[in-house]
Amino acid sequence: MTAVFDNAYEAIIDADSDARWAFGTGFENPLAGVDTSLPPDVDGADLAAYCLMLGDDALIMSHRLQQWCTRLPELEEEVAVANIGLDLLGQARLLLSRAGAARAGADGIDGGRVAEDAPPDGRAWEDHYAFFRDEHEYRNVRLAELENGDFGELTARLLVFSTWRLALLNRLTESTDPVLSAIAAKGVKEVTYHRDYAAQWTVRLGDGTDESHQRMQAGLDAVWPYVDELFVAHPVEERLAAGGAPDSAAVAVDPSTLRTEFDDVLVHVLKASTLRRPDLAATPGIAGRTGRDGVHTEAMGFLLAEMQSVARAHPEGVW
Amino acid sequence: MPVPTMTRARAVAETVTDPELPMLTLADLGVLRDVEERDGRVVVSITPTYTGCPAMDTMRDDLVHALNRAGYDDVEVRVALHPPWSTDWISDDGRRKLAEHGIAPPGAAPRRPTGPIPLTLATRRPVHAHAESVGRDNAEVTGAIRVSEVGVGVTCPWCGSAETEEVSRFSATACKALRRCRSCQEPFEHVKEI
């Protein structure tokens, strides 16, 4: 059976698709066929907010990694960083879709047009969240959004981010939300490689030449003021991490409980790298509010302006 | 117990090949999880290898088209996220076909430990030539951290030498690492264990 198209463009767009997933690429809902009903006793709005937090971390970090493409020192690193960015983008798509499904479920109308923040007809939740929110609506930690520096800074950021995220996802595999648990179980396998990659480069650079050591240390110093924020629980995380009985499973992970594992890994990597743990104060937010509250650094607006430009200029675009 | 008869729809779905590794079927890869046929309606479940795998939509389309061609008009393709895909699901036939095409098949997937995930710090180290090192857990344990050698036992698909080293943890696709043979000097890809 050969399809006949009037022109070449028609052949490459998904002309008979009634919805535009992943902004005009003909991608399908990454959760198609997955049961996304809310677990009992879980607040849908809280679950949606939590999924946005973890999804935005992945989305914004992925964008920063994508900006590295064509600028990395070797072809092997191009491929590695692009693949890490792709993994995180995949995690973001699942988490933003899960947020949308939880939001729809919270209003009692599964998949229909619901709350005022729902996407217009024909636009997927994942696209709506990724491209049509404003800066204060993003819930990612500020570490993910920082302006890119040199390769030492990239390595430091990836080491910190993936060490923290791996500890988080590993614990999230026990989530009482089966969708989050499944997304976490896949993510653990991926982020294990991300952390290894970053840790190995940290050792090579830190325990390398004087120049590479100095730049690796400078990279670590640049990201360190954003480390403490990773372990501060937002009220949504606190509510969802509170299980019934102590130590019983809950929907979310309280990030403050991840600090010991994070520190253990960092101590080990820094020792092997001959680097010192920075002694730098955390960058405060505004009145105690940081990324999880939608309060971001100056870099975030510029990042979004670029990331959202095509989707906003051509909201009905299909290619 | 009698072996369940494979439905015709399953037989059709099992012929569909992977868009990135066309020498393998989706069934060989373990991506095809289930094919249910009920009253002419076919529900196919597939699982992504990696969450960002951009080939999922092509897989979905290829399955629908193959089943349509076989006379099934009502086809639904569902995503199964749980349990997460593992390279252990690649069939023996799939492993043989990978090797024949110059791609080293994966070893046994690491078992997810209880507690923190071990860190792998040492790579790019020449791999031991001795076969007895294969599968040996030569890890150094320091608290939550395990520093282990990886890639032990990956043989070159071209010359069969065990003297191979990792060049990059990632290659043309997320699921493969790039390696180099120290005997015949040829580069090759290795489906990494997850």
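Chains A and B supply the protein sequences, listed in that same order. Counted from 1, the first sequence has number 1505 at position 41 by the working numbering; the numbering is strictly sequential. Counted from 1, the second sequence has number 168 at position 146 by the working numbering; the numbering is strictly sequential. We treat Cβ as the ideally placed atom computed from N, Cα and C, and that holds for glycine.
Three-state secondary structure (DSSP) of residue i
i: B/Ile-139; result: coil
i: A/Ser-1626; result: helix
i: B/Val-156; result: Because B/Val-156 carries a pLDDT of 36, less than 50, the predicted location of this residue cannot be relied on, and the following value inherits that uncertainty. In the structure shown, B/Val-156 sits in coil (DSSP, three-state: anything other than H, G, I, E or B).
i: A/Arg-1741; result: coil
i: A/Thr-1761; result: coil
i: A/Ala-1546; result: helix
i: B/Pro-209; result: strand
i: B/Ser-190; result: strand
i: A/Lys-1735; result: helix
i: B/Leu-200; result: strand
i: B/Ile-112; result: coil
i: B/Ser-67; result: strand
i: A/Ile-1647; result: helix
i: B/Arg-118; result: helix
i: B/Val-169; result: At B/Val-169 the pLDDT is 47, less than 50, meaning the model places this residue with poor confidence; the figure from the coordinates comes in the next sentence. DSSP places B/Val-169 in strand when its eight states are reduced to three.
i: A/Arg-1753; result: strand
Cα-Cα separation, residue i to residue j
i: A/Thr-1627; j: B/Gln-207; result: 35 Å
i: B/Glu-42; j: A/Asp-1757; result: 41 Å
i: A/Tyr-1602; j: B/Val-189; result: 37 Å
i: A/Asp-1728; j: B/Gly-175; result: 30 Å
i: A/Gly-1752; j: A/Leu-1744; result: 18 Å
i: A/Glu-1541; j: B/Arg-91; result: 43 Å
i: A/Gly-1569; j: B/Asp-83; result: 29 Å
i: A/Asp-1510; j: A/Asp-1674; result: 48 Å
i: A/Arg-1776; j: A/Gly-1707; result: 40 Å
i: B/Arg-60; j: B/Arg-100; result: 15 Å
i: B/Arg-63; j: A/Ser-1720; result: 49 Å
i: A/Arg-1679; j: A/Ala-1662; result: 15 Å
i: A/Leu-1599; j: A/Ser-1773; result: Rather than Leu, the amino acid found at residue 1599 of chain A in this sequence is Glu. Approximately 14 Å between the Cα atoms of the pair.
i: A/Ser-1645; j: A/Arg-1567; result: 18 Å
i: B/Asp-95; j: A/Gly-1586; result: 24 Å
i: A/Glu-1770; j: B/Arg-118; result: 46 Å
i: A/Arg-1597; j: A/Asn-1612; result: 22 Å
i: B/Ile-125; j: B/Val-213; result: 7 Å
i: B/Pro-77; j: A/Asp-1685; result: Here the sequence assigns Ala to residue 77 of chain B, which means Pro is not the residue at that position. Going from the Cα of B/Ala-77 to the Cα of A/Asp-1685 covers about 39 Å.
i: A/Pro-1504; j: A/Ala-1714; result: 12 Å
i: A/Pro-1748; j: A/Leu-1622; result: 21 Å
i: A/Leu-1558; j: B/Thr-195; result: 20 Å
i: A/Gly-1755; j: B/Trp-107; result: 33 Å
i: A/Asn-1493; j: A/Ser-1561; result: 8 Å
i: A/Tyr-1543; j: A/Ala-1563; result: Here residue 1543 of chain A is Val; the residue named in the question, Tyr, does not match the sequence. If I take the Cα positions, the gap works out to 30 Å.
i: A/Glu-1654; j: B/Glu-122; result: 27 Å
Close Cβ partners of residue i (< 7 Å) along its chain, the five nearest in sequence each way excluded
i: A/Gly-1549; result: Ser-1526, Leu-1529, Gln-1530
i: B/Gly-116; result: Leu-46, Asp-50, Leu-51
i: A/Phe-1726; result: Thr-1627, Trp-1628, Ala-1631
i: A/Val-1652; result: Leu-1630, Leu-1633, Asn-1634, Thr-1637
i: A/Gly-1508; result: Leu-1502, Ala-1566, Arg-1567, Gly-1569, Ala-1570
i: A/Trp-1532; result: Val-1545, Asn-1612, Leu-1618
i: A/Ala-1556; result: Gly-1519, Ala-1522, Leu-1523, Ser-1526
Rounded Cβ spacing between residue i and residue j (contact assumed at less than 8 Å)
i: B/Thr-47; j: B/Glu-58; result: About 18 Å; that fails the 8 Å criterion.
i: A/Ala-1705; j: A/Val-1691; result: Wrong, their Cβ atoms sit about 20 Å apart, outside the cutoff.
i: A/Ala-1522; j: A/Leu-1502; result: In fact, because the Cβ distance is near 22 Å, the residues do not count as touching under 8 Å.
i: A/Val-1605; j: A/Glu-1693; result: 6 Å
i: B/Thr-142; j: B/Pro-128; result: Not a contact, Cβ separation roughly 15 Å.
i: B/Ala-131; j: B/Glu-215; result: 5 Å
i: A/Gly-1616; j: A/Leu-1536; result: Not really, about 13 Å apart at Cβ, beyond 8 Å.
Cβ of residue i within 8 Å of any chain A Cβ
i: B/Pro-200; result: The sequence given here places Leu at residue 200 of chain B; Pro does not occur at that position. Yes - at least one Cβ of chain A is within 8 Å of the one on B/Leu-200.
i: B/His-123; result: no
i: B/His-104; result: yes
i: B/Pro-41; result: no
i: B/Cys-75; result: yes
i: B/Pro-192; result: It is Phe, not Pro, that sits at residue 192 of chain B in the sequence shown. Judged by the 8 Å Cβ criterion, B/Phe-192 is in contact with chain A.
i: B/Ile-112; result: no
i: B/Val-101; result: yes
i: B/Thr-47; result: no
Minimum Cβ-Cβ distance from residue i to chain B less than 8 Å
i: A/Tyr-1593; result: no
i: A/Val-1543; result: yes
i: A/Tyr-1514; result: no
i: A/Val-1498; result: yes
i: A/Gln-1772; result: no
i: A/Val-1700; result: no
i: A/Arg-1659; result: yes
i: A/Ala-1746; result: no
i: A/Glu-1750; result: Reading off the sequence shown, one finds Ile at residue 1750 of chain A, where the question assumed Glu. No, its Cβ sits nowhere closer than 8 Å to a Cβ of chain B.
i: A/Thr-1673; result: no
Close-in-space but distant-in-sequence residues of the same chain around residue i (CB under 6 Å, 5 per side omitted)
i: B/Ala-102; result: Arg-55, Ser-67, Thr-69
i: B/Cys-203; result: Cys-178, Ser-183, Thr-186
Sequence-distant residues of its chain with Cβ nearer than 8 Å to residue i (five each side left out)
i: A/Asp-1671; result: His-1677, Ala-1736, Ser-1737, Thr-1738
i: A/Asp-1499; result: Pro-1642, Val-1643
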